[in-house]
Amino acid sequence: MTFHYDINRQWSDRFLPQIKHIVGAHLLEAAPDPLDMLQATDLLMLDARDMRIAARVRRPGYASRYPHQITIRSGVPSGAETELSKIVNGKGDWLFYGHSNADQTAVESWYLIDLNAFRAGLIRYGSKGLHWGTKCNPDGTRFTWFDIRSFPTDPPLVVARSR
Numbered sequence: 017m018t019f020h021y022d023i024n025r026q027w028s029d030r031f032l033p034q035i036k037h038i039v040g041a042h043l044l045e046a047a048p049d050p051l052d053m054l055q056a057t058d059l060l061m062l063d064a065r066d067m068r069i070a071a072r073v074r075r076p077g078y079a080s081r082y083p084h085q086i087t088i089r090s091g092v093p094s095g096a097e098t099e100l101s102k103i104v105n106g107k108g109d110w111l112f113y114g115h116s117n118a119d120q121t122a123v124e125s126w127y128l129i130d131l132n133a134f135r136a137g138l139i140r141y142g143s144k145g146l147h148w149g150t151k152c153n154p155d156g157t158r159f160t161w162f163d164i165r166s167f168p169t170d171p172p173l174v175v176a177r178s179r
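Going letter by letter, the sequence shown gives residues 17 to 179 in our numbering.
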């Protein structure tokens, strides 16, 4: 692992308790009456299998400049596999995509993205219907940005969002 990974991981990990709280609220639903009455079940998981959830939190200032964009790392100088490659190759179920507040103490706005819908949009519409592009950072890291408004509504891309 590189020095930048460690710094970025330490920075983003501070948001994990809040992310778990937000995502958890979308994984559970009230059980139907028969389960409650007969099986001591008050809550159910939305999906009865394990869910793989990627989490990305942007530093302050990007939420107002790019309110409908998500960016995913798509290249690193080392040539290591990136988040975008992993997602395109079928890894991950959901993406929590948030923006830090100015104090960098909490997530101020966020989207919960269904990665199966994301992949479906890429397969069906790719460069012919989706609005996307790339950005290169001075350190050689490359990100691909996607305007979530350009994705089809079926299947829905956004599971939930802040407001």
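Quick reminder that beta carbons are idealized off the backbone N, C-alpha and C, glycines included.
Over what stretch of residues does the beta strand (DSSP E) that includes Ser116 continue unbroken? On the sequence shown, position 100 is the one that residue 116 refers to. It spans 110-116 - the beta strand (DSSP E) in which Ser116 sits, taken as one unbroken run.
In terms of alpha-carbon separation, which member of Ile129, Met53, Ser116, Arg158 lies closest to Gly95? The residue you call residue 95 lines up with position 79 of the sequence shown. For the residues Ile129, Met53, Ser116, Arg158, the minimum Cα distance to Gly95 belongs to Arg158.
Work out the CA separation of Ile103 and Phe134 for me, nearest whole Å. Position 118 of the sequence shown holds residue 134. Position 87 of the sequence shown holds residue 103. Each residue's alpha carbon lies about 9 Å from the other.
According to DSSP, simplified to helix, strand and coil, what is Gln55? Counting from one through the sequence shown, the residue named residue 55 turns up at place 39. Helix, per DSSP.
So, do the segment 73-93 and the segment 42-53 have three or more beta carbon pairs nearer to each other than 8 Å? no
Cβ shell of Lys151 (< 6 Å), same chain only, five flanking positions each side left out: Numbered from 1 along the sequence shown, position 135 holds the residue referred to as residue 151. Taken in chain order, the residues that qualify are Phe159.
Taking 8 Å as the threshold (C-beta atoms), are Asp109 and Arg68 in contact? What you label residue 68 is simply residue 52 of the sequence shown in a count that begins at 1. What you label residue 109 is simply residue 93 of the sequence shown in a count that begins at 1. Result yes, Cβ atoms of Arg68 and Asp109 sit closer than 8 Å.
In three-state terms, what does DSSP make of Ser94? For the purposes of this step, residue 94 is taken as the residue at position 78 of the sequence shown. Coil at Ser94, not helix or strand.
Would you check if the distance between the CB atom of Ile35 and the CB atom of Val123 is smaller than 8 Å? Here residue 35 refers to the residue found at position 19 when the sequence shown is read from its first residue. Here residue 123 refers to the residue found at position 107 when the sequence shown is read from its first residue. For Ile35 and Val123, yes; Cβs fall inside 8 Å.
Out of Arg81, Trp148, Leu59, Phe112, point me to the one whose CA is closest to Val73's CA. What you label residue 73 is simply residue 57 of the sequence shown in a count that begins at 1. Checking every option, the nearest Cα to that of Val73 belongs to Phe112.
Can you check whether the CB of Arg177 is closer than 8 Å to the CB of Tyr127? Working through the sequence shown from its first residue, we reach residue 127 at position 111. Working through the sequence shown from its first residue, we reach residue 177 at position 161. Contact: yes.
Simplified DSSP assignment, three categories, for Ala122: Here residue 122 refers to the residue found at position 106 when the sequence shown is read from its first residue. DSSP places Ala122 in coil when its eight states are reduced to three.
Put Thr18 into one of helix, strand or coil per three-state DSSP. Here the question's residue 18 lines up with position 2 in the sequence shown. In this prediction, Thr18 has a pLDDT of 48, which is less than 50 and means its spatial position is unreliable; nothing more can be read from the coordinates.
In the DSSP assignment, find the beta strand (DSSP E) that holds Gly149 and state where it starts and stops. For the purposes of this step, residue 149 is taken as the residue at position 133 of the sequence shown. Taken as a continuous stretch (DSSP letters only), the beta strand (DSSP E) holding Gly149 covers 148-152.
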